[in-house]
Each structure stands twice: as structure tokens, then as C-alpha cells.
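>
In the numbering used here, the protein residues as written are 0 to 228.
#1: What does the alpha-carbon distance come out to for the pair residue 59 and residue 136?
#2: Report buried or exposed for residue 30, applying the criterion of at least 16 other Cβ atoms within 10 angstroms of its Cβ.
#3: Are the stretch 33-50 and the stretch 118-136 in contact at 8 Å, needing three or more beta carbon pairs?
#4: Compute the Euclidean distance between the alpha carbons of residue 236 and residue 221, then round it to the nearest angstrom.
#5: If you compare alpha carbons, which of 12, 197 and 92 is closest to residue 61?
#6: When DSSP labels each residue in this structure, what does residue 176 get in the three-state scheme?
#7: Excluding the five sequence neighbours on either side, which residues of its own chain have a C-beta within less than 7 Å of the C-beta of residue 102, listed in chain order?
#8: Can you tell me the Cα-Cα spacing of residue 193 and residue 216, whole angstroms?
#9: Since residue 124 and residue 223 should fall inside the 8 Å C-beta cutoff, what is the C-beta to C-beta distance between them, to a whole number of angstroms?
#10: Residue 76 and residue 53 - do their beta-carbons sit closer together than 7 Å?
#11: How many Å lie between residue 93 and residue 191 at the Cα?
#12: In chain order, what are the residue ranges of uninterrupted alpha helix (DSSP H) at least 4 long that sit wholly in the stretch 110-152?
#13: State the start and end residues of the unbroken alpha helix (DSSP H) segment that holds residue 166.
#14: With a threshold of 8 Å, are at least 3 pairs of Cβ atoms found where one atom belongs to the stretch 140-153 and the other to the stretch 15-24?
#15: Which residues does DSSP pair with residue 42 in a beta bridge?
#16: In three-state terms, what does DSSP make of residue 190?
Structural data, given as C-alpha cells:
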């Protein structure tokens with residue numbers, strides 16, 4: 000039996016209510032057809048039941064922090080629907096290694112031995128890639144096919160209907176999303192991207208984790224336990 004991709008929205012209920020108009024839109028129908036055609040010819044990542052994992056782990060009303068990535072890791076076995084995260088047993092990617100270095104420098108937390116960030120997601124950290132699928136071995140191959148419009152709508156919904164969220168924007172791609180965010184209602188933390196090519200130019204030393212928790216505490220919100228065990 001062939002695997003179907005998003006024949007009907009398989010997404011957490013609170014997000015389905017917020018995003019239902021997007022699922023019914025013409026652009027999303029076109030995106031769905033594109034994905035079905037891609038599936039016939041290529042391996043698509045992450046697996047179809049993990050495409051909306053970020054939303055499933057972090058319901059709309061439980062979001063505290065949003066970390067925006069670009070698109071999923073494109074090597075098989077890496078992507079599982081959470082930005083920057085890989086499953087236990089998979090080699091930690093370079094950008095995540097730098098995130099862990101900053102986590103240690105910021106909070107003194109022991110550098111984790113694996114790259115799965117599900118614990119963050121389950122506490123209210125929406126690990127959102129702007130593009131939710133990719134063709135195996137071809138980075139950014141699903142760019143400009145509709146996912147950006149969908150995830151922009153999710154960011155707008157959070158900005159409009161929630162208060163006192165922290166948006167962590169690493170790199171120019173993520174920072175382009177600032178226009179979607181009400182800066183009077185939410186807190187934005189931005190820096191260069193944690194990739195090896197950029198991290199030394201302004202990522203290290205920015206203390207995004209302690210700054211996030213300081214803001215949450217100032218608003219009477221339970222902070223994130225950033226430890227990965």
C-alpha cells in the first residue's frame with residue numbers, strides 16, 4: 000500500500016481549528032498535489048506522520064517559545080518534524096552542536112549526548128520549520144511550494160491570539176519573519192545562525208536560553224527546563 004501524504008489534516012486539534020482555513024485553501028490543495036507527485040518519484044522527509052510533529056507536540060494554547068528553522072534535514076533518518084532536532088542515535092548536526100555549546104555557556108547545562116529536542120517541544124517550545132518537507136538529499140527542494148505560506152499563517156495566529164511569547168530568530172531567514180510578529184505583545188531574541196559558518200560571528204554569547212526564561216518569569220510564566228537528558 001502506498002503511503003499517502005496529508006490526504007486529510009492529521010494535526011493536533013487546537014492547531015486544526017486555527018489552521019483549518021489554510022487546509023481548505025487553493026494553495027494548500029496545490030501543495031498537497033505537489034507532495035503526492037513528489038512521493039511517486041522520491042523519498043520525502045520527514046515521514047508523513049511526522050510532518051506536523053511540531054504542532055502535535057506543542058498545542059496552540061501551550062506555546063511559550065517559538066524557534067524557527069528553515070527546512071527539515073535532508074538526509075534519511077534525521078528529520079522527525081521538529082526544527083534542529085534529530086532522533087536519538089543519529090549523529091548531532093553541526094548547528095545543533097553549536098546550540099548545545101551556547102546552552103552550556105549560558106546555563107552551565109551539560110552538553111547532551113543526543114540531538115532529540117522533544118523535551119523542549121513538550122514544554123511549550125514550538126520547533127517550527129518554515130518548510131515542513133524536503134526531498135531526500137536535496138536541501139530546500141520544497142521551497143516556494145506553499146509551506147511558507149502555511150507556517151507564516153501559524154506564526155501570525157500565535158502573534159494575534161496569544162500574548163507574551165518568545166520568538167527566537169537565528170539567521171536572516173528566521174529574522175524575515177519579524178514582520179509577522181506583534182513586537183508590542185511578544186519578545187524577540189535574534190542573532191546570527193548557529194551554523195558553523197556563522198556562529199562565531201555573533202551567535203556565541205547571546206544567551207538566548209537564560210534571556211527566554213528571564214522574560215517568561217517576568218510575565219509570571221513557568222520557565223523552560225532546557226536540560227536534555
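Every residue gets a Cβ at the ideal spot worked out from N, C-alpha and C, and that includes glycine.
On the basis of the supplied data:
#1: Counted from its first residue, the chain shown places residue 59 at position 60. Counted from its first residue, the chain shown places residue 136 at position 137. Those two C-alpha atoms are separated by around 32 Å.
#2: The residue given as residue 30 occupies position 31 in the chain shown. Buried: at least 16 other Cβ atoms inside 10 Å.
#3: yes
#4: Any property of residue 236 remains undetermined from this structure, which presents the chain solely from 0 to 228.
#5: For the purposes of this step, residue 61 is taken as the residue at position 62 of the chain shown. Minimum Cα distance to residue 61 is reached at 12.
#6: Stepping through the chain shown from its first residue, residue 176 is reached at position 177. Helix at residue 176.
#7: Taking the chain shown and counting its residues from 1, one reaches residue 102 at position 103. The beta carbon of residue 102 sits closer than 7 Å to the beta carbons of 108, 208 and 225 from its chain, once the five residues preceding and following it are set aside; these are given in chain order.
#8: On the chain shown, residue 193 is found 194 positions in, with the first residue counted as 1. On the chain shown, residue 216 is found 217 positions in, with the first residue counted as 1. Cα-Cα distance, rounded: 25 Å.
#9: Locating residue 124 in the chain shown gives position 125, counting from the first residue. Locating residue 223 in the chain shown gives position 224, counting from the first residue. Between residue 223 and residue 124 the Cβ distance is about 6 Å, and since that is below 8 Å, they are a contact.
#10: As a working note, residue 53 is residue 54 in the chain shown. As a working note, residue 76 is residue 77 in the chain shown. Going by C-beta atoms, residue 53 is not nearer than 7 Å to residue 76.
#11: Within the chain shown, the letter at position 94 stands for residue 93. Within the chain shown, the letter at position 192 stands for residue 191. For residue 93 and residue 191, the distance between alpha carbons rounds to 15 Å.
#12: Taken in chain order, the unbroken stretches of alpha helix (DSSP H) that lie wholly in the stretch 110-152 and span 4 residues or more are 117-121.
#13: Counted from its first residue, the chain shown places residue 166 at position 167. Not the alpha helix (DSSP H): residue 166 falls in the beta strand (DSSP E), residues 165-169.
#14: yes
#15: The sequence position of residue 42 within the chain shown is 43, counting from 1. As DSSP reads the structure, residue 42 sits in no beta bridge.
#16: Reading the chain shown from its first residue, position 191 is the one you call residue 190. In this structure, residue 190 counts as strand in the three-state DSSP scheme.
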